[in-house]
Each structure stands twice: as C-alpha cells, then as structure tokens.
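Protein sequence lines correspond, in order, to chains A and B. Numbers in the numbering used here are just positions in the first sequence, counted from 1, shifted up by 728. Numbers in the numbering used here are just positions in the second sequence, counted from 1, shifted up by 728. In what follows, a structure is listed as structure tokens, so that the remarks can point back to it.
Protein chains: 2
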Amino acid sequence: MNGFAQVQSINLKPTFITERYKSSHRSDTRLLRRNQYLIHEGDLVERACIVVSGALKSHINYCNGDSQVLGFHIPGDIIGHEALIHGPAFCSVIALDTSCVQFLDVSDAATSEILIENMHNEIQRLTRQLHLERDYSTSARLATFLLDYSQSQVESGYSRYEFILPMGRRDLAGYLGLAVETLSRVFSRFRDQGVLSVNTNHVHILDPERLEAAVSL
Amino acid sequence: MNGFAQVQSINLKPTFITERYKSSHRSDTRLLRRNQYLIHEGDLVERACIVVSGALKSHINYCNGDSQVLGFHIPGDIIGHEALIHGPAFCSVIALDTSCVQFLDVSDAATSEILIENMHNEIQRLTRQLHLERDYSTSARLATFLLDYSQSQVESGYSRYEFILPMGRRDLAGYLGLAVETLSRVFSRFRDQGVLSVNTNHVHILDPERLEAAVSL
DNA sequence: CGCGGCATTGACCATCCTCAAGAGCGGTGG
DNA sequence: CCACCGCTCTTGAGGATGGTCAATGCCGCG
Numbered sequence: 729m730n731g732f733a734q735v736q737s738i739n740l741k742p743t744f745i746t747e748r749y750k751s752s753h754r755s756d757t758r759l760l761r762r763n764q765y766l767i768h769e770g771d772l773v774e775r776a777c778i779v780v781s782g783a784l785k786s787h788i789n790y791c792n793g794d795s796q797v798l799g800f801h802i803p804g805d806i807i808g809h810e811a812l813i814h815g816p817a818f819c820s821v822i823a824l825d826t827s828c829v830q831f832l833d834v835s836d837a838a839t840s841e842i843l844i845e846n847m848h849n850e851i852q853r854l855t856r857q858l859h860l861e862r863d864y865s866t867s868a869r870l871a872t873f874l875l876d877y878s879q880s881q882v883e884s885g886y887s888r889y890e891f892i893l894p895m896g897r898r899d900l901a902g903y904l905g906l907a908v909e910t911l912s913r914v915f916s917r918f919r920d921q922g923v924l925s926v927n928t929n930h931v932h933i934l935d936p937e938r939l940e941a942a943v944s945l
Numbered sequence: 729m730n731g732f733a734q735v736q737s738i739n740l741k742p743t744f745i746t747e748r749y750k751s752s753h754r755s756d757t758r759l760l761r762r763n764q765y766l767i768h769e770g771d772l773v774e775r776a777c778i779v780v781s782g783a784l785k786s787h788i789n790y791c792n793g794d795s796q797v798l799g800f801h802i803p804g805d806i807i808g809h810e811a812l813i814h815g816p817a818f819c820s821v822i823a824l825d826t827s828c829v830q831f832l833d834v835s836d837a838a839t840s841e842i843l844i845e846n847m848h849n850e851i852q853r854l855t856r857q858l859h860l861e862r863d864y865s866t867s868a869r870l871a872t873f874l875l876d877y878s879q880s881q882v883e884s885g886y887s888r889y890e891f892i893l894p895m896g897r898r899d900l901a902g903y904l905g906l907a908v909e910t911l912s913r914v915f916s917r918f919r920d921q922g923v924l925s926v927n928t929n930h931v932h933i934l935d936p937e938r939l940e941a942a943v944s945l
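As structure tokens, this is what we get:
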C-alpha cells in the first residue's frame with residue numbers, strides 16, 4: 729500500500745506473496761496475535777518480511793510511557809529493510825490485529841533488489857510527507873489517509889468505500905500528527921457534511937469526490 | 729553531515745574523499761558555479777556523487793513558479809542514490825556556491841554498500857524529522873539546524889561557532905517549513921537574547937548552551 | 001453496578017501565517 | 001556620482017488554525 733509503512737511500502741501484493749509462498753520449500757511465516765511484538769526497538773534485524781494478512785504498527789516508546797506511531801503496515805508491505813545492513817531496529821513493530829508475516833531471504837539477489845527499491849520509494853514518500861504535505865490542514869491529512877487506505881483495500885480485493893480501521897483514534901492521531909480531539913472533530917465534521925458515516929472504527933465513504941476535494945483544503 | 733541531505737547524509741568525510749581521489753585513475757569530478765544545475769528533476773540518474781566542496785540544494789519546482797526546498801548538501805554528503813536503481817531524479821539539485829562533486833562508481837560493491845547504508849540513514853533521519861520533530865517550535869527548528877550546521881563545520885575543520893550560511897532566508901525558511909517572516913523573527917529573538925549575533929548570512933553563536941536549550945522549547 | 005478506557009464536544013488560548021510597510025544593499029544607467 | 005530599481009531581510013498588526021484543558025457520553029468487563 730502507499731503511505732503507511734515506516735519501514736516500507738511498494739505494491740507487489742498478492743502476486744509476489746503467492747510466488748514466494750510457492751517458491752519457498754517450507755513456508756517461513758509467523759503468526760502474531762493482537763499486541764504481540766514482531767520486532768523490538770534495538771533488536772538486530774536478521775530478516776525482512778512481508779505482511780500477508782492483518783495489520784501492524786511501528787512505533788517508538790519514550791521513557792515517560794508515551795509513544796510515537798511511525799507507521800502502519802498492511803498486507804503487501806515490507807518490514808525490516810535493516811536486514812540489508814544487519815542493523816538494529818529503529819523502532820518496534822506490534823500487531824494491531826491477528827496478523828501473518830512471511831520472512832524474506834535477503835541473500836537472494838532479486839529479493840535484495842526489491843528491498844532497495846522499496847527503501848528508495850520509502851525515501852520519496854517520507855520526503856513528500858515531510859516537505860510537501862507538511863502544511864496540510866487537519867481535514868486534508870485525514871482525507872489523504874482515508875483515500876490511501878481505501879485504495880489499499882481495493883488492491884486487496886475489499887470494498888473501496890466501506891472498511892474497518894485497524895487502529896484506534898490515539899494511534900491514528902499520533903501518526904497524522906494531530907491531537908486526538910482534533911482528529912475526532914475532523915471525523916465529526918466529515919460526518920456532519922455527509923462525506924462519511926463513521927462509527928468509531930467502521931468507516932463508510934459516502935461522498936468520495938468531496939473527500940478528494942478535502943485533500944487540497 | 730547530519731540533517732541536510734535529501735538524497736543523502738553519512739559522514740565518510742575527508743578520509744573517504746581522499747581515498748577515492750587516490751584510487752580513481754582519473755579524477756572523475758565536476759565543478760559547478762552558483763545557480764548551475766547538477767541534476768534536473770526527472771533526469772535519469774546514472775551516477776551518484778559525493779560533495780567535495782561548496783554547497784548545493786535540492787528542490788522541486790512547481791508550475792506556478794514556486795519551489796520547495798528539500799535539502800542542502802555540503803561536503804561529505806552523497807547525492808543521487810537513484811543511481812542504484814537507475815531511476816529518474818525525484819528533485820533538482822543546484823549549486824548555491826561554487827561547488828565540486830566527485831562521481832562514484834555504483835557498480836563497485838563497496839560503494840553500493842555505502843549507498844545502501846546511506847539510504848538507510850536517510851530513512852531514519854526523515855522519519856525522525858517527520859514524526860519526532862514535527863511539533864518543534866520555530867526556535868527549536870532553527871536551533872536544531874544551526875547546531876547541526878555548526879557540527880558539520882567542525883567536522884570539516886572550520887570554526888564551530890562562527891560561519892556563513894550558504895543559503896538565503898527564503899531557502900532556509902522553506903526547508904524548515906516556516907514563513908520567511910517567522911524565520912526572521914526567530915533570528916531577531918536569538919539576537920536580542922544574546923544567543924547569536926547575526927548579519928544576514930554571517931552567524932556567530934555566542935551562547936551555545938542556550939541555543940541547545942532552545943531545541944526543547 | 002461501577003470502573004476504566006476510548007471517543008466526542010465545548011471553551012479558551014498560543015503559535016505561527018498573512019498582509020502590509022519599511023529598511024538595507026547591490027546593480028545599472030543617466 | 002547619484003538616483004532609481006529590484007531584491008532580500010526585518011518589523012508590526014491582526015487573524016485563523018489547531019492544541020490544551022475540562023466535562024460528558026459510550027461501551028465492555030470484572
């Protein structure tokens with residue numbers, strides 16, 4: 729998907745996943761339950777992996793108990809490019825839902841090429857967010873996020889306009905750089921304007937055009 | 729240097745530069761004058777390069793004539809990791825001063841390893857800026873920038889507390905995500921508080937401790 | 001039933017942007 | 001040499017956006 733992964737993005741989705749499934753002799757996967765960690769900050773990252781199902785988030789914990797969300801990872805996203813340089817993990821990755829990841833063989837030339845391209849895309853995405861979308865209004869940020877998420881749902885074969893967000897308000901607000909209250913207000917405004925219907929995590933996009941228009945407001 | 733390159737950072741400074749100079753049979757360098765382009769947005773990037781002297785900026789031009797600064801590049805910075813994947817340049821790179829760059833041989837294993845590590849550092853730097861330093865106040869942003877720049881001056885063998893910024897207010901404000909007026913006000917405030925003495929581009933850090941304290945304000 | 005966590009809503013306020021004007025400075029040409 | 005222009009930097013006043021604080025509603029769970 730686009731616009732979610734801290735450690736990754738790139739859309740090589742089902743095709744690639746299936747291919748890997750077939751080509752690997754034994755399926756080198758891992759199943760995670762809600763709130764289970766895939767990676768702890770500082771751990772040495774031995775292997776990269778690709779999300780097969782579920783949803784995860786990467787974040788950094790502060791000593792005072794706070795934490796900063798860095799990104800969300802959904803099926804097709806690659807996690808752990810640190811494996812390329814055998815470096816320590818910059819952040820922790822935890823499952824938001826029951827999730828399944830498949831490990832990748834970094835020593836494989838084709839795979840490491842994908843990882844490099846993935847890093848490259850990630851740099852462009854971060855640069856865009858940092859410098860080009862920095863001044864987006866609160867509505868623009870939420871609109872962008874929802875449209876990206878919507879798009880990723882389509883690519884996974886789900887409904888474009890109706891879905892359930894795997895993260896809570898706190899995480900989403902943290903990721904978007906907003907106060908929880910502000911995020912809540914934006915949701916309410918969209919609801920009042922008839923753009924969305926929202927029931928906490930259940931989102932229904934009623935007016936895609938106006939949602940897209942909100943990106944440049 | 730840290731905190732400047734859009735396309736790069738990594739501190740392999742003089743050692744590496746000298747080494748390369750020696751090892752390359754003919755010195756594969758390029759000299760650029762002020763306002764001369766090293767890379768145009770969209771161009772295919774064939775070779776990466778390292779800044780030997782001077783200063784450059786990377787930016788994106790909008791159709792309306794505006795432009796967004798993405799980063800500054802000073803000696804030791806690597807530019808053009810796109811060379812690794814033979815992709816098009818995401819942004820333009822232009823010389824702010826008379827500058828010299830040395831091209832790198834991407835097909836060389838050691839060099840491409842350095843490029844990968846460099847990309848990795850870049851992702852961490854961007855992530856930090858995007859998610860961790862997003863809410864920095866105006867003073868904190870300028871303070872961070874000046875301290876980073878100061879550090880890079882030291883690493884290049886220049887004075888820690890007195891230097892000339894190679895970019896104008898407009899570019900710096902654009903990079904930091906501030907209005908020019910706001911940036912000017914922060915400079916003035918630091919001046920009034922006796923933290924800096926400033927004469928447009930000539931900066932003298934008078935009170936390093938308070939400048940560092942300003943990072944967390 | 002009552003507690004705790006999460007989401008929502010309201011009121012207030014700080015920060016930073018916008019608009020407008022003035023100052024400094026270098027270049028050009030009469 | 002000086003007057004004019006353009007550009008950048010600075011400074012001031014006013015206003016909008018979004019954060020903080022506080023109260024309430026909502027739901028699941030012990």
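By construction, the Cβ of each residue, glycine as well, lies at the ideal position given by its N, Cα and C atoms. Note that the structure is predicted; figures quoted are calculated from it, not measured.
Q) Just checking my contact of Ser-806 (chain A) with Leu-766 (chain A) at CB under 8 angstroms: how many whole Å lie between their CB atoms? A) Counting from 1 along the first sequence, the entry for residue 806 (chain A) is found at position 78. Counting from 1 along the first sequence, the entry for residue 766 (chain A) is found at position 38. Residue identity check: residue 806 (chain A) is Ile in the sequence provided, not Ser. 12 angstroms between Cβ atoms; not a contact.
Q. Using a C-beta cutoff of 7 angstroms, does Leu-858 (chain A) count as contacting chain B?
A. For the purposes of this step, residue 858 (chain A) is taken as the residue at position 130 of the first sequence. It does; some Cβ of chain B falls within 7 angstroms.
Q) Cα separation between Leu-727 (chain A) and Phe-915 (chain A)? A) Outside the displayed range of chain A (729 to 945) lies residue 727 (chain A), so it cannot be described from this structure.
Q. According to DSSP, what are the bridge partners of Pro-894 (chain A)?
A. Counting from 1 along the first sequence, the entry for residue 894 (chain A) is found at position 166. Partner(s): none; Pro-894 (chain A) has no beta bridge.
Q) What are the residues of the region 863-879 of chain A that lie near chain B, defined by any Cβ-Cβ distance shorter than 9 angstroms? A) Asp-863
Q) Got a sec: is the Cβ-Cβ distance from Ile-806 (chain B) to anything in chain A below 7 angstroms? A) For this step, residue 806 (chain B) is matched to residue 78 along the second sequence. Cβ-Cβ to chain A under 7 angstroms: no for Ile-806 (chain B).
(Q) If I follow the unbroken alpha helix (DSSP H) through His-801 (chain A), where does it start and stop? (A) As a position in the first sequence, residue 801 (chain A) is number 73, starting the count at 1. Looking at the DSSP string, His-801 (chain A) is not in any alpha helix (DSSP H); the run it does join, the beta strand (DSSP E), is 795-801.
Q.
Only counting the same chain, and skipping five residues up and downstream in sequence, which positions put a Cβ closer than 7 angstroms to that of Lys-750 (chain A)?
A. Along the first sequence, one-based indexing puts residue 750 (chain A) at 22. Interpretation of Lys-750 (chain A) is limited by its pLDDT of 47, a score under 50 that renders its predicted location unreliable; no figure is taken from the coordinates.
**Q.** Cys-791 (chain B) - partner residues in DSSP beta bridges
**A.** Counting from one through the second sequence, the residue named residue 791 (chain B) turns up at place 63. DSSP, once it has assigned bridges, lists no residue as partnering Cys-791 (chain B).
Q. Can you give the Cα-Cα distance for Leu-832 (chain B) and Val-779 (chain B), rounded to whole angstroms?
A. Start at 1 with the first residue of the second sequence, and residue 832 (chain B) comes out as number 104. Start at 1 with the first residue of the second sequence, and residue 779 (chain B) comes out as number 51. Each residue's alpha carbon lies about 11 angstroms from the other.
Q: Examine chain B for any beta-carbon lying closer than 7 angstroms to the beta-carbon of Thr-839 (chain A), and answer yes or no.
A: By one-based count along the first sequence, residue 839 (chain A) stands at place 111. Closer than 7 angstroms: no.
Q) For His-930 (chain B), which of helix, strand or coil comes out of DSSP? A) Locating residue 930 (chain B) in the second sequence gives position 202, where the first residue counts as 1. Residue state, collapsed to three classes: strand.
Q. Does Thr-910 (chain B) come within less than 7 angstroms of chain A when only Cβ atoms are used?
A. As a working note, residue 910 (chain B) is residue 182 in the second sequence. With 7 angstroms as the cut-off, Thr-910 (chain B) does not count as an interface residue toward chain A.
Q) Among residues of its own chain, excluding the 5 on either side of His-768 (chain A), which ones have a beta-carbon nearer than 8 angstroms to its beta-carbon? A) If you number the first sequence from 1, residue 768 (chain A) lands on position 40. Cβ neighbours of His-768 (chain A) within its own chain (closer than 8 angstroms, five residues either side excluded): Ala-817, Ser-820.
Q) By DSSP, does Gln-764 (chain B) sit in helix, in strand, or in coil? A) The residue you call residue 764 (chain B) lines up with position 36 of the second sequence. For Gln-764 (chain B), the secondary structure class from DSSP, reduced to helix, strand or coil, is coil.
Q | Per DSSP, the bridge partner or partners of Pro-816 (chain A) | A | Residue 816 (chain A) sits at position 88 when you count from the first residue of the first sequence. Pro-816 (chain A) pairs with A:Leu-772.
(Q) Taking the beta carbon of Asn-849 (chain B) as the centre, do at least 16 other beta carbons fall within 10 Å, making it buried, or is it exposed? (A) For the purposes of this step, residue 849 (chain B) is taken as the residue at position 121 of the second sequence. Asn-849 (chain B) should be labelled buried.
Q) Per the contact definition of three or more C-beta pairs closer than 8 angstroms, is the region 886-893 of chain B in contact with the region 858-866 of chain B? A) Not touching, per the Cβ criterion.
Q.
Is there a C-beta anywhere in chain B that falls below 7 angstroms from the one on Met-847 (chain A)?
A. The residue labelled residue 847 (chain A) in the question sits at position 119 within the first sequence. Closer than 7 angstroms: yes.
Q: Give me the Cα-Cα distance between Val-943 (chain A) and Val-931 (chain B), rounded to the nearest whole angstrom.
A: Translated into the one-based positions of the first sequence, residue 943 (chain A) becomes position 215. Translated into the one-based positions of the second sequence, residue 931 (chain B) becomes position 203. One C-alpha to the other measures close to 39 angstroms.
Q. Hey, Leu-900 (chain A) and Leu-911 (chain A) are a contact pair by Cβ (cut 8 angstroms); roughly how many whole angstroms apart?
A. Here residue 900 (chain A) refers to the residue found at position 172 of the first sequence. Here residue 911 (chain A) refers to the residue found at position 183 of the first sequence. That belief holds up - the Cβ atoms of Leu-900 (chain A) and Leu-911 (chain A) are roughly 6 angstroms apart, short of 8 angstroms.
Q) Ile-851 (chain B) touches chain A at which residues, Cβ-Cβ below 9 angstroms? A) Position 123 of the second sequence holds residue 851 (chain B). By Cβ distance, chain A contributes Gln-734, Val-735, His-809, Phe-818, Met-847, Glu-850, Ile-851, Leu-854.
Q) Going by the CB atoms, is the gap between Pro-803 (chain A) and Ser-884 (chain A) shorter than 7 angstroms? A) Along the first sequence, read from residue 1 onward, the residue named residue 884 (chain A) stands at position 156. Along the first sequence, read from residue 1 onward, the residue named residue 803 (chain A) stands at position 75. Yes, these two residues count as a Cβ contact at 7 angstroms.
**Q.** Pairwise C-alpha distance: Ala-868 (chain A) and Val-926 (chain A)
**A.** Numbered from 1 along the first sequence, position 198 holds the residue referred to as residue 926 (chain A). Numbered from 1 along the first sequence, position 140 holds the residue referred to as residue 868 (chain A). So the two alpha carbons sit approximately 17 angstroms from each other.
(Q) Nearest by alpha-carbon distance to Asp-825 (chain B): which of B:Ile-844, B:Leu-812, B:Gly-782 is it? (A) Residue numbering aside, residue 825 (chain B) sits at position 97 when the second sequence is read from its first letter. Per the Cα distances, B:Gly-782.
(Q) Short of 8 angstroms in beta carbon distance, which residues of its chain neighbour Gly-770 (chain A), apart from the five on each side in sequence? Order them along the chain. (A) Here the question's residue 770 (chain A) lines up with position 42 in the first sequence. Taken in chain order, the residues that qualify are Pro-816, Ala-817.
Q: Output, in chain order, the set of chain A residues within a Cβ distance shorter than 9 angstroms of Leu-893 (chain B).
A: Counted from its first residue, the second sequence places residue 893 (chain B) at position 165. Those within 9 angstroms of Leu-893 (chain B) in chain A number zero; the least Cβ separation is about 19 angstroms.
Q) Start and end of the beta strand (DSSP E) containing Val-908 (chain A)? A) Against the first sequence, residue 908 (chain A) aligns to sequence position 180. No beta strand (DSSP E) holds Val-908 (chain A); the alpha helix (DSSP H) holding it covers 908-920.
Q | Length of the line joining the Cα atoms of Ala-907 (chain B) and Cys-828 (chain A) | A | Counting from one through the second sequence, the residue named residue 907 (chain B) turns up at place 179. Counting from one through the first sequence, the residue named residue 828 (chain A) turns up at place 100. Those two C-alpha atoms are separated by around 45 angstroms.
Q: Might you give, ordered along the chain, the residues of its own chain that have their beta carbon closer than 6 angstroms to the beta carbon of Arg-758 (chain A), omitting 5 neighbours on each side?
A: For this step, residue 758 (chain A) is matched to residue 30 along the first sequence. Only Val-829 meet the Cβ criterion.
Q) Cα-Cα, which of B:Thr-872, B:Asp-920, B:Ser-835 is closest to Ala-776 (chain B)? A) Residue 776 (chain B) sits at position 48 when you count from the first residue of the second sequence. With distances taken between Cα atoms, Ala-776 (chain B) lies closest to B:Ser-835.
Q. DSSP beta-bridge partners for Ile-807 (chain B)?
A. Counting from one through the second sequence, the residue named residue 807 (chain B) turns up at place 79. Bridge partners of Ile-807 (chain B): B:Cys-777.
Q) Does any CB atom of chain B fall closer than 7 angstroms to the CB of Gly-905 (chain A)? A) Counting from one through the first sequence, the residue named residue 905 (chain A) turns up at place 177. Chain B contact via Cβ: present.
(Q) Let me see if you follow: with CB-CB separation under 7 angstroms, is Gln-796 (chain B) close to chain A or not? (A) Position 68 of the second sequence, counted from the start, is the residue given in the question as residue 796 (chain B). It does: the Cβ of Gln-796 (chain B) has a partner Cβ on chain A nearer than 7 angstroms.
Q. Can you tell me whether DSSP reads Ser-944 (chain A) as helix, strand or coil?
A. Within the first sequence, numbered from 1, the residue matching residue 944 (chain A) stands at position 216. Coil, per DSSP.
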